[in-house]
Amino acid sequence: MTDTGLPKRTLGRTGLEVTRLGYGAMSLDNGRLTPVTPEQAEATLQAVLNAGINLIDTSPDYGDSEELIGRYIADRRGEYFLASKCGCPVDVPAGTTGHVYTRENIIAGVEQSLRRMKTDYLDIVQFHGSPSRATLEESGAIETVLELQRQGKVRFIGMSGVLPDLEDHIAMGVFDEFQIPYSALQRDHEAAIAAAKQAGAGTVIRGGAVRGAPAQDKAWAVRRLPEVAEERPRAIWERARLDDLLDGAPAIEFTLRFAFSNPDMDTTIVGTANPNHLQANLDALAKGPLPADVYAEALRRLDAAERE
């Protein structure tokens, strides 16, 4: 892969050298986000690679996202690591809702992802929906993905997980990478991120920008959270008086740099189909983690705000 100078981190025991800013291709899903034309999708994906970002995260659940990746950047496959998901309903009875972790559905999902993205392998396949340990064991899901790994269709096994099941996932010792929600204002998984890192797994943060800024800066965000979901983060922001720490920077930049400051985070995925937002994300990455004293003060204020 070409080195464009973006900061990188080794993604745990995978050994993959990933840029500290990855791209979340859920932004290309017209079904849940602002409509994206094929021309916008192509321009965005090309801009992501031209900027040097080398981790792209997607899912069969994200509308046309996988097909757009295959259509527009399959010819640049050597420039990026590709992470998708499994458990998304593909080979299931009509009317089935939710994620399904049977052998048949996992294999069908991975094969579909390979076809859609015109590739022979996925660098990482992550279980979507944070299935419990019992669900994984009952369905033989881990054994199925290990079989796909032996066939060369999957390089590493990941989990897109949340508490409470995330603790069990880490203890299982079979996952090479974890994708975990986290932001300055939603730190519920902070200890789990540290535990995953200590266990030797790669750590990918999602939501570091989308869920990490007060409402007035949400124009940057991939999607707006429902008002009820925004109330608590906004209240924490105000109680912690984080505006005092911005030093003139946009709140989104501050929250991205807060994520970069977490010593246990390897990379954070942020999605957009807006070139200005992409550049702003890259500018935040260029500034790097927050100054140590600012980060320490932010943590102190956030801890105090959470206790109020």
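Under our numbering, the very last position in the sequence shown is 425; numbers go up by exactly one each time.
Don't be surprised by glycine CBs; every beta carbon is placed ideally from N, CA and C.
*Within this structure, are the beta carbons of V227 and G275 separated by less than 9 Å?*
In terms of Cβ geometry, V227 and G275 do not form a close pair [threshold 9 Å].
*Helix or strand or just coil, what does DSSP make of M143?*
helix
_Starting from Q315, trace the beta strand (DSSP E) in both directions and tell me its first and last residue._
Careful: Q315 lies outside any beta strand (DSSP E), inside the alpha helix (DSSP H) at 307-315.
*Closest to F295 by CA distance: which of R250, G257, V242, A258 is it?*
V242
*Could you give the DSSP three-state label for M234: helix, strand or coil?*
helix
*Can you find at least 3 beta carbon pairs, one from the stretch 154-167 and one from the stretch 399-415, that sit closer than 8 Å?*
no
*Look up A200 in the DSSP assignment and give the residues it is bridged to.*
D174, I241
*Compare the beta carbon distance of F371 and A301 with 9 Å and say whether it is the shorter of the two.*
yes
*Does the pairing of the stretch 227-237 with the stretch 191-207 give three or more beta-carbon distances under 8 Å?*
yes
_Counted within 10 angstroms of its Cβ, other Cβ atoms place A397 as buried (16 or more) or exposed_ = Label assigned to A397: buried.
*asked:* Please list the terminal residues of the continuous alpha helix (DSSP H) segment that includes T59.
replied: No answer is possible for residue 59: it lies beyond the span of the chain, which begins at 118 and ends at 425.
*Give the DSSP bridge partners of I322, in chain order.*
I297, T385
*Taking Cβ to Cβ, would you say T385 is nearer than 9 Å to G319?*
no
_Nonlocal neighbours in the same chain, by C-beta distance under 6 Å from K314, ignoring five residues either side_ = T320, D381
*Thinking S247 and V279 are a contact (beta carbons under 8 Å), I'd like their distance in whole angstroms, please.*
5 Å
*Which ranges would you report for the alpha helix (DSSP H) in the stretch 249-283 if only whole runs of at least 4 residues count?*
250-256, 258-267
_Neighbourhood of D305 by C-beta distance below 7 Å, restricted to the same chain and skipping five residues each side_ = L280
*Taking buried to mean at least 16 other C-beta atoms within 10 Å of its own C-beta, is E254 buried or exposed?*
exposed
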